[in-house]
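Student: Below: one structure in structure tokens.
Protein chains in written order, with this note's numbering: chain A, 24 to 360; chain B, 1239 to 1404.
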């Protein structure tokens, strides 16, 4: 008894302080990584329609035999039946790696670059309205996530990639589908964003030089706050001498670029596996340059990098290279069918 | 007769210095291993994780243990100082983990402010608190005291005035 009393007398303060510090740290980590904070539900005219599409989309994906990565190792070899749909305004033709219909076309090619498999989607749209973004669970907030394939199915997307993972940060502009969700300038050295205007054109803006409201007023409908800028004015903006370590490291990557009016290049590169080591930012920029991009921007990469085409995951998403598993993310960029 | 507690405190400070040295080494090794698995992402807070233990823990403890004239910190001061180092180190670790995951946080301010306040409190306490500088045993009836009674001689802060504190 005396010994116990002596122990607590000597170490009671240290124990209590350690406990308090542990509890504080536990809360900070939980709040940052786990606890969801819904701020606003996405208000769209087609909200009800989207819900219906979500159900129909997932049913369709299951019945067509397209395996999702989360369900067990999706690859770009997923067998997709060629579909011909003559209903609607024009003939819609979908193959394993291409889509054409409604005056727009998507062609996915697989290339090997620097020991890495990259999936390049060449997208030609007839209207800028087809290039959209979607938020996980149709809700804006932090730590609210969903897999890219689930969001693609919920929004009836023919092609979808992960977005900028806005929910990972509490600051940084968030503009999705013309709605301003967040107007605080983001932290960190890189404050350059990619914006998409109503006519589908791209531009690079700096959050420290223009307000989010001014962007909305100028007609911006989408904003991606990740980076860095890979290409601007047809010139590569990242270099091998970049001191930022992440720029030099090979990782799975996602990027979007514009070649011409309503003509886009979307790239998702594998990485962290024995087959694909991943791309550095310079290698990614050079790949975008080889397709003639005028502006190209790096989106969230690593384990988030995912491309979904016609309900199936095209690439091999992985966080640690050990398992091919799709990561849940905050938002996607997609082409509406 | 004076019984200075200095020797015991010096030994304790040397032990503290060693403990902080081992902690700094652990933090350094931890950082290296963490960076190996961070897929190229890095954070200066992780790289310098060993610094608080080394510069604010080991170095002052070694200096104080070797300085012959400096006043040695009491238990309260050391507890507060240790708490400040712990808070700062944990704050750096949390900040680096969050940054390496590609996120930013405002929560780290809690750690910086708390550790700053604790450091200031420890320094203030060190320079102002009443310290026992000697124990004196009085015998006989000198100065009206009972025979064989031990009294403590104290001083406050940097004052040169000593007084009997009990």
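All C-beta atoms, glycine included, are put in the ideal place defined by N, C-alpha and C.
Look up residue 154 of chain A in the DSSP assignment and give the residues it is bridged to.
Tutor: Taking the first chain and counting its residues from 1, one reaches residue 154 of chain A at position 131. Paired residue(s): A/358.
Student: Any beta carbon from chain B within less than 8 Å of residue 266 of chain A's own beta carbon?
Tutor: Numbered from 1 along the first chain, position 243 holds the residue referred to as residue 266 of chain A. Interpretation of residue 266 of chain A is limited by its pLDDT of 46, a score under 50 that renders its predicted location unreliable; the figure taken from the coordinates is listed afterwards. Taking Cβ atoms only, chain B never reaches closer than 8 Å to residue 266 of chain A, which makes this a no.
Student: Which residues of the segment 1326-1346 of chain B have a Cβ closer than 7 Å to any Cβ of chain A? Give them in chain order.
Tutor: 1328, 1332, 1336, 1340, 1341, 1342, 1343, 1344, 1345
Student: Just checking my contact of residue 330 of chain A with residue 191 of chain A at CB under 8 Å: how many whole Å lie between their CB atoms?
Tutor: To locate residue 330 of chain A, count along the first chain from 1; it is residue 307. To locate residue 191 of chain A, count along the first chain from 1; it is residue 168. At roughly 20 Å, the Cβ-Cβ gap does not stay under 8 Å, so residue 330 of chain A and residue 191 of chain A are not in contact.
Student: Compare the C-beta of residue 1278 of chain B with all C-beta atoms of chain A and state if any pair is closer than 8 Å.
Tutor: Counting from 1 along the second chain, the entry for residue 1278 of chain B is found at position 40. Yes - at least one Cβ of chain A is within 8 Å of the one on residue 1278 of chain B.
Student: Name the chain B residues whose beta carbon is nearer than 7 Å to that of residue 192 of chain A?
Tutor: Locating residue 192 of chain A in the first chain gives position 169, where the first residue counts as 1. Those are 1341, 1342, listed as they occur along chain B.
Student: Beta carbon of residue 320 of chain A, beta carbon of residue 355 of chain A: below 8 Å?
Tutor: As a first step, residue 320 of chain A is located in the first chain; it is residue number 297 there, counting from the start. As a first step, residue 355 of chain A is located in the first chain; it is residue number 332 there, counting from the start. Contact flag unset, no.
Student: Once the 5 residues before and after residue 204 of chain A are set aside, which same chain residues still bring their CB inside 6 Å of it?
Tutor: As a working mapping, residue 204 of chain A is identified with position 181 in the first chain. 163, 197.
Student: Per the DSSP calculation, residue 322 of chain A is bridged to which residue(s)?
Tutor: Locating residue 322 of chain A in the first chain gives position 299, counting from the first residue. Paired residues: A/277.
Student: In whole angstroms, give me the CA-to-CA distance for residue 102 of chain A and residue 188 of chain A.
Tutor: Numbered from its first residue, the first chain carries residue 102 of chain A at position 79. Numbered from its first residue, the first chain carries residue 188 of chain A at position 165. In this prediction, residue 102 of chain A has a pLDDT of 38, which is less than 50 and means its spatial position is unreliable; nothing more can be read from the coordinates.
Student: Counting only runs that start and end within the segment 179-210 of chain A, where is the beta strand (DSSP E) found for 3 or more residues in a row?
Tutor: List check, beta strand (DSSP E) in window: 180-185, 197-199, 202-205.
Student: Taking only the alpha-carbon atoms, compute the straight-line gap between residue 97 of chain A and residue 184 of chain A and give it to the nearest angstrom.
Tutor: Sequence index remark: in the first chain, residue 97 of chain A carries index 74 (1-based). Sequence index remark: in the first chain, residue 184 of chain A carries index 161 (1-based). With a pLDDT of only 38 at residue 97 of chain A, under 50, the local geometry of the prediction cannot be trusted, and the value read off the model is given with reservation. Taking the straight line from one Cα to the other gives about 15 Å.
Student: Is the beta carbon of residue 254 of chain A closer than 8 Å to that of residue 174 of chain A?
Tutor: For this step, residue 174 of chain A is matched to residue 151 along the first chain. For this step, residue 254 of chain A is matched to residue 231 along the first chain. No; because the gap between Cβ atoms is not below 8 Å, this pair is not in contact.
Student: Verify the CB distance criterion: does residue 1348 of chain B have a CB-CB separation below 8 Å to chain A?
Tutor: For the purposes of this step, residue 1348 of chain B is taken as the residue at position 110 of the second chain. By this cut-off, residue 1348 of chain B is an interface position.
Student: Residue 247 of chain A: which of A/43, A/61, A/237, A/218 sits nearest, CA to CA?
Tutor: Indexing the first chain from 1 puts residue 247 of chain A at position 224. Out of A/43, A/61, A/237, A/218, A/218 has the C-alpha closest to the C-alpha of residue 247 of chain A.
Student: Would you identify the three-state DSSP class for residue 221 of chain A, choosing helix, strand or coil?
Tutor: The count along the first chain starts at 1 and reaches residue 221 of chain A at position 198. Reduced to three states, the DSSP call for residue 221 of chain A is coil.
Student: Put residue 33 of chain A into one of helix, strand or coil per three-state DSSP.
Tutor: Start at 1 with the first residue of the first chain, and residue 33 of chain A comes out as number 10. The answer is helix: DSSP assigns residue 33 of chain A an H, G or I state.
Student: Which residues in chain E sit within 9 Å of residue 1317 of chain B, going by Cβ to Cβ distance?
Tutor: Reference to chain E is not applicable here, since the protein chains of this structure are A and B.
Student: Hey, is residue 44 of chain A's beta-carbon within less than 8 Å of any beta-carbon in chain B?
Tutor: Counted from its first residue, the first chain places residue 44 of chain A at position 21. Chain B contact via Cβ: present.
Student: Using DSSP with H/G/I as helix, E/B as strand and the rest coil, what is residue 1297 of chain B?
Tutor: Counting from 1 along the second chain, the entry for residue 1297 of chain B is found at position 59. In the three-state reduction of the DSSP assignment, residue 1297 of chain B falls in the helix class.
Student: Residue 185 of chain A versus chain B: which residues are under 8 Å apart at the beta carbon?
Tutor: The residue given as residue 185 of chain A occupies position 162 in the first chain. What residue 185 of chain A touches in chain B: nothing, since even the nearest Cβ is about 12 Å away.
Student: Between residue 1299 of chain B and chain A, is any beta-carbon pair separated by less than 8 Å?
Tutor: Taking the first residue of the second chain as position 1, residue 1299 of chain B is located at position 61. Judged by the 8 Å Cβ criterion, residue 1299 of chain B is not in contact with chain A.
Student: Measuring straight from C-alpha to C-alpha, what distance separates residue 149 of chain A and residue 1331 of chain B?
Tutor: Position 126 of the first chain, counted from the start, is the residue given in the question as residue 149 of chain A. Position 93 of the second chain, counted from the start, is the residue given in the question as residue 1331 of chain B. One C-alpha to the other measures close to 50 Å.
Student: Just confirm the distance between the C-beta atoms of residue 351 of chain A and residue 338 of chain A, as a whole number of angstroms; I'd bet it's less than 8 Å.
Tutor: On the first chain, residue 351 of chain A is found 328 positions in, with the first residue counted as 1. On the first chain, residue 338 of chain A is found 315 positions in, with the first residue counted as 1. Rounded, the Cβ-Cβ distance is 16 Å, inconsistent with contact.
Student: To the nearest angstrom, report how far apart residue 1360 of chain B and residue 1366 of chain B are at their CA atoms.
Tutor: On the second chain, residue 1360 of chain B is found 122 positions in, with the first residue counted as 1. On the second chain, residue 1366 of chain B is found 128 positions in, with the first residue counted as 1. Going from the Cα of residue 1360 of chain B to the Cα of residue 1366 of chain B covers about 10 Å.
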